[in-house]
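In what follows, a single structure is set out as structure tokens and then discussed.
Residue numbers (the numbering used here): 469 to 759.
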């Protein structure tokens with residue numbers, strides 16, 4: 469479909485290097501239509517998803533290509549273009565402009581209708597991350613601070629959370645905003661002094677890294693943050709999507725963290741209780757007579 473979907477990456481779900489879905493050539497060469505006819509299937513929807521990002525030209529290309537599949541099956545009433553709407557989690561990082569990418573898609577749908585006797589299709593999208601990524605934050609504390617010396621030395625801040633709560637940095641090399649607040653909770657204790665640190669999680673894994681180099685989950689990245697002490701608060705923003713739901717739950721026997729919801733009045737509500745540690749092994753069984 470585009471230059472962005474010709475190679476392998478952990479966030480690329482389209483192109484010849486992806487295992488997802490049905491390879492589009494099998495639709496075009498008649499293989500899929502033959503299967504549909506053989507089994508008397510009624511194709512109601514075409515669904516494509518390649519993680520298209522924020523480039524309007526790519527969205528237009530995806531929409532046009534996907535609409536060509538709809539033309540093959542006259543029973544199709546809806547086209548789902550999936551998600552992939554980029555969210556700018558960090559300062560200076562752009563977010564997808566829905567109006568900008570929507571215009572060429574709208575034109576593609578109008579052209580399809582005009583070329584197919586007025587046949588109008590329902591457009592479906594999956595904007596979950598776009599809607600909620602910035603609606604959640606991981607609130608943790610600095611439970612330890614260590615340093616190494618010599619070449620390639622670093623100062624490390626160790627959180628009492630990690631890949632058990634937010635896996636994106638370890639898996640994708642994703643960059644999340646991090647902010648240090650004083651453990652006292654007092655504004656006057658915020659301080660102006662900063663230092664360059666590597667932030668890591670609490671798991672016994674060198675890969676439990678919260679500050680990788682961008683797109684390089686196995687490369688340590690340093691961040692310039694307010695100078696922190698043990699007991700200070702560290703907040704990871706942009707944690708509302710692909711974080712709790714994708715976490716390495718119960719790894720190293722860490723219980724699932726609680727979640728709270730802040731309503732439009734500023735009131736706080738518990739929406740998921742902290743997991744009792746006993747629940748971690750609650751489903752384990754000992755077969756009779758084994759020991």
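The beta-carbon is built from N, C-alpha and C at its ideal position, and this holds for glycine as well.
Spatial neighbours of residue i within its chain, please: C-beta separation below 6 Å, excluding the five flanking residues on both sides.
i, result
"residue 476", "Below a pLDDT of 50, predicted positions are generally treated as unreliable, and residue 476, at 43, falls in that range; the measurement from the model is reported next regardless. 485."
"residue 626", "611, 612, 668"
"residue 491", "none"
Identify, in the order they occur along the chain, each residue of the same chain with its Cβ nearer than 8 Å to the Cβ of residue i, setting aside the five sequence neighbours on each side.
i, result
"residue 734", "none"
"residue 741", "726"
"residue 564", "521, 522, 553, 554, 555, 598"
"residue 504", "511, 541"
"residue 688", "622, 666, 677, 679, 680, 681"
Would you check if the distance between the CB atom of residue i and the CB atom of residue j is smaller than 8 Å?
i, j, result
"residue 572", "residue 524", "yes"
"residue 713", "residue 601", "no"
"residue 543", "residue 510", "yes"
"residue 589", "residue 577", "yes"
"residue 681", "residue 653", "no"
"residue 514", "residue 487", "no"
"residue 655", "residue 693", "no"
"residue 710", "residue 636", "yes"
"residue 698", "residue 718", "no"
"residue 700", "residue 645", "no"
"residue 703", "residue 603", "no"
"residue 665", "residue 691", "yes"
"residue 643", "residue 558", "yes"
Leaving out the 5 sequence neighbours to the left and right, which residues in its chain are closer than 7 Å to residue i when beta-carbon positions are compared?
i, result
"residue 628", "608, 609, 611, 670"
"residue 528", "572, 573, 576"
"residue 638", "631, 675, 676, 677, 685"
"residue 731", "737"
"residue 581", "587, 588"
Starting from residue i, trace the alpha helix (DSSP H) in both directions and tell me its first and last residue.
i, result
"residue 525", "524-540"
"residue 502", "499-506"
"residue 572", "566-583"
"residue 496", "493-496"
"residue 639", "636-640"
Please list the terminal residues of the continuous beta strand (DSSP E) segment that includes residue i.
i, result
"residue 626", "623-627"
"residue 691", "691-694"
Tell me, please, which residues DSSP counts as bridged to residue i.
i, result
"residue 615", "623"
"residue 664", "692"
"residue 704", "606, 646"
"residue 730", "736"
"residue 589", "In the DSSP output, where bridge partners are listed per residue, residue 589 has none listed."
The segment 619-637 contacting the segment 653-672, beta-carbon criterion three pairs below 8 Å: Taking a cut-off of 8 Å for Cβ pairs, the segment 619-637 and the segment 653-672 touch, as three or more such pairs fall below it.
Contact the segment 532-550 vs the segment 576-594: 3+ CB pairs below 8 Å: The segment 532-550 is in contact with the segment 576-594.
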